[in-house]
Amino acid sequence: MLLLRPMGLDQILELSVPANPAELVRVRRLVTAWLRRLGAGDDDIDDLIIASNEIASNAIEHAYGPSDEEFEVTVTVRGTVVEIQVTDHGRWSERTGGPNRGRGLNVTRELTDALEIEPTPLGTVVRFRKQLGRRR
Numbered sequence: 001m002l003l004l005r006p007m008g009l010d011q012i013l014e015l016s017v018p019a020n021p022a023e024l025v026r027v028r029r030l031v032t033a034w035l036r037r038l039g040a041g042d043d044d045i046d047d048l049i050i051a052s053n054e055i056a057s058n059a060i061e062h063a064y065g066p067s068d069e070e071f072e073v074t075v076t077v078r079g080t081v082v083e084i085q086v087t088d089h090g091r092w093s094e095r096t097g098g099p100n101r102g103r104g105l106n107v108t109r110e111l112t113d114a115l116e117i118e119p120t121p122l123g124t125v126v127r128f129r130k131q132l133g134r135r136r
């Protein structure tokens with residue numbers, strides 16, 4: 001089950017998502033549509049969707065693996081700044097795999113203005129921000 005809850009004038013979108021890779025397409029579509037309704041441009045939407053997909057994929061793969069768990073995606077728009085937060089309830093794990101793996105955090109850093117990773121005893125919170133309309 002996917003929970004979608006727009007929250008009035010604060011311009012907050014909250015999603016609770018099953019930790020299943022098949023759900024990522026739904027997250028991309030919902031976040032894209034929501035950002036578009038708020039007036040974000042195509043380039044900004046593309047950057048934010050790629051970054052959020054990378055971080056959500058990490059939450060599924062590294063925090064849980066295939067399971068019945070859920071993670072949360074929160075998108076907040078304040079003025080011209082979009083912040084996306086992905087919260088999982090698993091354990092943070094460092095990069096694993098070969099040379100073609102483990103690039104999601106670097107991709108997110110390149111596409112956004114700020115990236116924060118906060119491992120906690122209850123899971124991992126990853127936040128990234130992007131100023132809309134800023135050319136890279």
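Taken in order, the sequence shown gives residues 1 to 136; the numbers are from my numbering. Every residue, glycine too, gets a C-beta built ideally from N, C-alpha and C.
(request) Please list, in chain order, all residues of the same chain as R91 whose beta carbon is under 7 Å from its beta carbon, the five residues on each side excluded. (result) Answer for R91: A63, listed in chain order.
(message) I want to know whether the region 116-134 touches the region 73-92 - three or more CB-CB distances under 8 Å.
(response) By the Cβ rule, the region 116-134 counts as touching the region 73-92, because three or more pairs are nearer than 8 Å.
(request) Can you tell me which of L111, G39, L48 puts its alpha carbon nearest to the alpha carbon of G79? (result) The option with the nearest alpha carbon to G79 is G39.
(message) So that I know if they touch, is there some Cβ in chain D lying closer than 8 Å to that of L38?
(response) Reference to chain D is not applicable here, since this structure consists of a single protein chain.
(request) Consult DSSP for R129 and reduce its assignment to one of helix, strand or coil. (result) Reduced to three states, the DSSP call for R129 is strand.
(message) Let's see if you can read the secondary structure: which residues bound the beta strand (DSSP E) around R78?
(response) Where R78 is concerned, the enclosing beta strand (DSSP E) starts and stops at 70-78.
(request) For my contact list, L30 and L15 are in at a C-beta cut-off of 8 Å; report their separation, rounded to the angstrom. (result) Sure, about 7 Å apart at Cβ, within 8 Å.
(message) Between which two residues does the beta strand (DSSP E) holding L169 run?
(response) The first residue shown for the chain is 1 and the last is 136, placing residue 169 beyond what the model contains.
(message) For R109 and R103, what's the separation of their Cα atoms in angstroms?
(response) Taking the CA atoms as reference points, R109 sits about 10 Å from R103.
(message) Please classify D46 as buried or exposed, where buried requires at least 16 other C-beta atoms within 10 Å of its C-beta.
(response) By the beta-carbon neighbour count (other beta carbons within 10 angstroms, threshold 16), D46 is exposed.
(request) Express the C-alpha separation of G133 and Q11 in angstroms, rounding to a whole number. (result) Going by the C-alpha atoms only, they are around 18 Å apart.
(request) Grab me the residues of L24's own chain with a C-beta within less than 7 Å of its C-beta, minus the 5 sequence neighbours each way, in chain order. (result) Counting only Cβ-Cβ distances below 7 Å, and skipping sequence neighbours, we find N53, A56, S57.
(message) Only counting the same chain, and skipping five residues up and downstream in sequence, which positions put a Cβ closer than 8 Å to that of L3?
(response) Residue confidence for L3 is low, a pLDDT of 49 falling below 50, so the modelled location carries little weight; the figure read from the coordinates is stated next. If we look at L3 and ignore the five residues flanking it on each side, its Cβ neighbours are E14, L15, S16.
(request) State the start and end residues of the unbroken alpha helix (DSSP H) segment that holds L38. (result) In the DSSP assignment, L38 falls outside any alpha helix (DSSP H), carrying neither H nor E.
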